[in-house]
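Enquirer: Okay, handing you the structure first.
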Amino acid sequence: MTFQKSVIETIRTRQSIRTYDTQDITESDYKIITEYIDNKQNLIGPFNSKGKMELIRVTDNVTDKGIKLGTYGFIKNPKAYLVGICENNTYSLVNFSYTFEKLVLFLTDLQIGTCWMGGTFSRKSFEKEISIGEREFIPCVTPIGYPKEKQRMFDKALRIVVKADNKKAWNQLFYDESFEAVLDYNKAGPFQTPIESVRLGPSASNKQPWRLVLANDRTVCHFFIEHTPNYSTKLGYQMQLLDIGIAMCHFDLTCKELKMHGEWEIEDPKLERLNEQAEYIASWRIC
Ligand SMILES: Cc1cc2nc3c(=O)[nH]c(=O)nc-3n(C[C@H](O)[C@H](O)[C@H](O)COP(=O)(O)O)c2cc1C
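Counting from 1, one number per residue, gives the positions in the sequence shown under my numbering.
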C-alpha cells in the first residue's frame, strides 16, 4: 500500500464525514479501493487473526440486490459502504480495527470521506447483503463518497453532541513509566509524534479510551484501554476495543514513517492499575 501524502499529515486532517457529494465515486477510484481490499497484505494487523472487508455500492441507500441499508438518517448521499467482518473476541477486534483504520487513512489520502460506524446502522440490513461465517459478525461499517463541502446542520450538531473536536489532552491519556506520573509532551523523545497520532484518532462517541504508558528507558510503549462502563453492552460486543486497534494503527504507521523499527507483543508489564476499568492490551517495543 502506498500513501500519496505523509500519513502523519493524513492522520492530522482526517475527520468523520456524514454528508457526501452527489457526484459518484469514479470508476478508477473504485478500482483502487477494490484492489486494496482484495489484497491480503492489507488485512494483516498486529496479531494473527482473520477479517475481511466488503464493498457495497448503493443508489439512494439501496443496494444492487434491492436491499435498503439503514443508517437512521445519520448519513447523507453515501455512494457505497465498506463493511467490516471479523470474529467477536478481544484480539480479533483489535487486529481488525487496526486494518480497517489503515483502510480509512488510505481512503482519506485518496480524498474520499469516511465515518466509522459501530452503532448507528441496521446490522440486519447489512447482513442480508453479504455472507458471514459462523463465528463472524459485522463490527463496523463506513459509508464512502467525496465529502460535500458544506456539511449539514445535523453533522455540525452531532459533532457538538459527541464533542468530536474535543480531543483529550496528553495529561488525561498518557503516562510516564507507571500510572503514577503523566507523560510530558516534551519528554516523550522519539515517541512524541507517534503518541500525538494516537491522540488524534477517531473513537466511538469520541470517548478516547486509549491509555498509554511509556517505559522509562523509552524503548517500549504499553497500550491499555479504559473501558467506559456499560458502553455498547446491548450490541453484544466491546466496541471500544476497536478504538484501541485504531490507536495502534496510528502509532505504528507514524513510527514506520519516522523509520522507527519495532514490534507488537503481548507482555503485560503488571503495573499498578489505573482503575477498575483499565485493561492491558499490547505493547510496542523498539527492535
Ligand atoms: C469504533 C467507532 C464507532 C463509531 N460509531 C459511530 C456511529 O455509530 N455513528 C456515528 O455517527 N459515528 C460513529 N463514530 C464516529 C465518532 O463519533 C467520531 O470518530 C468521533 O466523534 C471523533 O470525530 P472525528 O472522527 O471527526 O475525529 C464511531 C467511531 C469509531 C472509532
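All residues carry an ideal CB built from backbone N, CA and C; glycine is no exception.
Compare the Cα-Cα distances from ILE286 to each of GLY119, ARG12, LEU214 and report the closest residue.
Expert: In the sequence shown, the residue the question calls residue 286 occupies position 286. Considering only alpha carbons, the answer is LEU214.
Enquirer: Which value, in whole angstroms, describes the spacing of the CA atoms of CYS115 and THR142?
Expert: Taking the first residue of the sequence shown as 1, we reach residue 115 at position 115. Taking the first residue of the sequence shown as 1, we reach residue 142 at position 142. Roughly 5 angstroms between the two C-alpha positions.
Enquirer: Once DSSP output is grouped into helix, strand and coil, what is the label at TRP264?
Expert: Along the sequence shown, one-based indexing puts residue 264 at 264. Strand, per DSSP.
Enquirer: If we require 4 or more residues per run, which alpha helix (DSSP H) segments fall completely within the stretch 131-166?
Expert: 153-161
Enquirer: Provide the residue(s) that pair with ASP176 in DSSP beta bridges, ordered along the chain.
Expert: Mapped onto the sequence shown, residue 176 falls at position 176. DSSP output for ASP176 lists LEU214 as bridge partner(s).
Enquirer: Around the C-beta of ILE266, are 16 or more other C-beta atoms found within 10 angstroms, so that it is buried, or is it exposed?
Expert: By one-based count along the sequence shown, residue 266 stands at place 266. Classification of ILE266: exposed, given that the 10 Å Cβ count is below 16.
Enquirer: Out of ASN216, GLU226, LEU107, point me to the one whose CA is closest to SER203's CA.
Expert: The residue you call residue 203 lines up with position 203 of the sequence shown. Answer by Cα proximity: GLU226.
Enquirer: Does the Cβ of CYS287 lie closer than 7 angstroms to at least one heavy atom of ligand 1?
Expert: As a working note, residue 287 is residue 287 in the sequence shown. Every heavy atom of ligand 1 is 7 angstroms or more from the Cβ of CYS287, so no.
Enquirer: With burial defined as no fewer than 16 other Cβ atoms inside 10 Å of the residue's Cβ, what is the status of VAL161: buried or exposed?
Expert: One-based indexing of the sequence shown puts residue 161 at position 161. The residue in question, VAL161, is exposed, as its Cβ has fewer than 16 Cβ neighbours within 10 Å.
Enquirer: Just to be sure I understand the criterion: a residue counts if its Cβ is closer than 5 angstroms to at least one heavy atom of ligand 1. Which residues meet that?
Expert: GLN15, SER16, PHE74, TRP116, MET117, GLY118, GLY119, THR120, VAL162, ALA164, PRO202, SER203, ALA204, ASN206, LEU242
Enquirer: Within the stretch 65-121, note down every full alpha helix (DSSP H) run reaching 4 residues or more, in order along the chain.
Expert: 90-109
Enquirer: Hey, how far is the Cα of THR300 from the Cα of GLY119?
Expert: No answer is possible for residue 300: the residues shown for the chain start at 1 and end at 287.
Enquirer: Any chance the stretch 172-187 sits against the stretch 231-247, with 3 or more Cβ pairs inside 8 angstroms?
Expert: no
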